[in-house]
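Undergrad: Listed in order, the protein sequences are those of chains D and R. Take 1 as the starting number for the first sequence in our numbering and just add one per residue. Take 1 as the starting number for the second sequence in our numbering and just add one per residue. Glycine included, C-beta positions come from ideal geometry on N, C-alpha and C. Structure incoming, see below.
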Amino acid sequence: EAMGMDKDEL
Amino acid sequence: LCGDMCHVFSIIVLLLRLRVARNAQGISLRTHELFLLVFLTRYTDLFTTFYSLYNSVMKVLYIASTSSIVYAIRLQEPICSTYDRAQDTFRHWAFAVAPCAVLALLTHLISGGSLFSFVDIQEMLWTFSIYLESIAILPQLIVLQRFREVENLTGNYIFFMGSYRALYIVNWIFRAYYEPGYRHHYVVYFCGVLQTLLYADFFYYYLMSKRRGGKFSLPT
């Protein structure tokens, strides 16, 4: 799965 | 936001510590090289995904400020000549970077990832950075043990560095409860808890010394 919007944390 | 601000604050305190005292005594270069590697491998999505202005600015800020810390300790006079290489001995390539790389590869393959696309490599680098961040403080803790007596600013920077991930744990719990569709990253949770636990001992002595208002030193 592609890098989705779920990696919005630092 | 509090977690991120603790992180920013720890970086500012460290930069102050280096520039005001103009020395790097008791500071581990290896820890900051590890952090630089963490940010460089985690934030490759700066080029591929836009989340928010805040998110992008912070990423650039972390990379830039950590680079400047590494630069100052390595190359900038007079700071670099006070850096005590002989005390900073944790073998970070063998015992931090290599194991994390293997673990990231295994995690990626077990969860069904392949190795043949940019996104796969990016995903693997991201996982690697999560593992590496959790133990990046180890060289610094070793140096701290050697010096025993911890300067105020050095103690403060490690305290804020530890608080940052601890606050992220609160953030994960909050988001898991209140945000519909929040995706769980169990590797992140596990590493975040491990990372915070590594600071536990330090927190204890730090808070005790603040309460006494005296000098901060670690036990033998």
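(1) Less than 8 Å between CB atoms is the rule here; does Arg-183 of chain R satisfy it with respect to chain D?
(2) Return the chain-ordered list of same chain residues with a C-beta closer than 8 Å to the C-beta of Phe-160 of chain R, the five sequence neighbours on each side being excluded.
(3) If you count every other CB in all the chains shown that lies within 10 Å of the CB of Lys-215 of chain R, and 16 or more means buried, which is it?
(4) Let me check one thing: in DSSP terms, what residues is Val-150 of chain R bridge-paired to?
(5) Tell me where the alpha helix (DSSP H) around Leu-53 of chain R begins and ends.
(6) Given that a residue counts as buried once 16 or more other Cβ atoms are within 10 Å of its Cβ, and exposed if not, what is Gln-195 of chain R?
(7) Given that a residue counts as buried once 16 or more other Cβ atoms are within 10 Å of its Cβ, and exposed if not, what is Ile-173 of chain R?
(8) Name the residue from R:Cys-2, R:Ser-28, R:Leu-18, R:Leu-15 whose alpha carbon lies nearest to the alpha carbon of Gln-145 of chain R.
(9) Quick check: the Cα distance between Phe-118 of chain R and Lys-210 of chain R, rounded to an integer number of angstroms?
(10) Using 10 angstroms around the beta-carbon of Leu-18 of chain R, count the other beta-carbons present and answer buried if the total reaches 16, otherwise exposed.
(11) Thinking C-beta only, is Val-150 of chain R closer than 8 Å to Ser-217 of chain R?
(12) Do Gly-112 of chain R and the ligand NAD come close, with the Cβ less than 7 Å from some heavy atom?
(13) Please name the residues in the segment 186-220 of chain R whose beta-carbon is closer than 9 Å to at least one beta-carbon of chain D, in chain order.
(14) Under a CB-based cut-off of 8 Å, is Met-58 of chain R close to chain D?
(15) By the 8 Å beta-carbon criterion, what residues does the segment 37-65 of chain R contribute toward chain D?
(16) Within the 8 Å Cβ cut-off, does Tyr-43 of chain R reach chain C?
(17) When you compare only the Cα positions, how much space is there between Leu-46 of chain R and Arg-175 of chain R?
(18) Step through the CB atoms of chain D and report whether any lies within less than 8 Å of the CB of Trp-93 of chain R.
TA: A quick look at the data gives this:
(1) yes
(2) Cys-6, His-7, Phe-9, Ser-10, Val-13
(3) exposed
(4) R:Phe-216
(5) If you look at Leu-53 of chain R, you'll find it in the alpha helix (DSSP H) that goes 53-75.
(6) Buried is the label assigned to Gln-195 of chain R, since at least 16 other Cβ atoms lie within 10 Å of its Cβ.
(7) exposed
(8) R:Ser-28
(9) 48 Å
(10) Taking every protein chain shown into account, the CB of Leu-18 of chain R has 16 or more other CB atoms within 10 angstroms, so this residue is buried.
(11) yes
(12) Looking at this structure, you won't find the ligand NAD or any other ligand, since it has none at all.
(13) Contacts with chain D (Cβ-Cβ distance below 9 Å) from the segment 186-220 of chain R involve Val-188, listed in chain order.
(14) yes
(15) Asp-45, Thr-48, Thr-49, Tyr-51, Ser-52, Asn-55, Met-58, Lys-59, Tyr-62
(16) The structure shown has no chain C; the protein chains it does contain are D and R.
(17) 23 Å
(18) no
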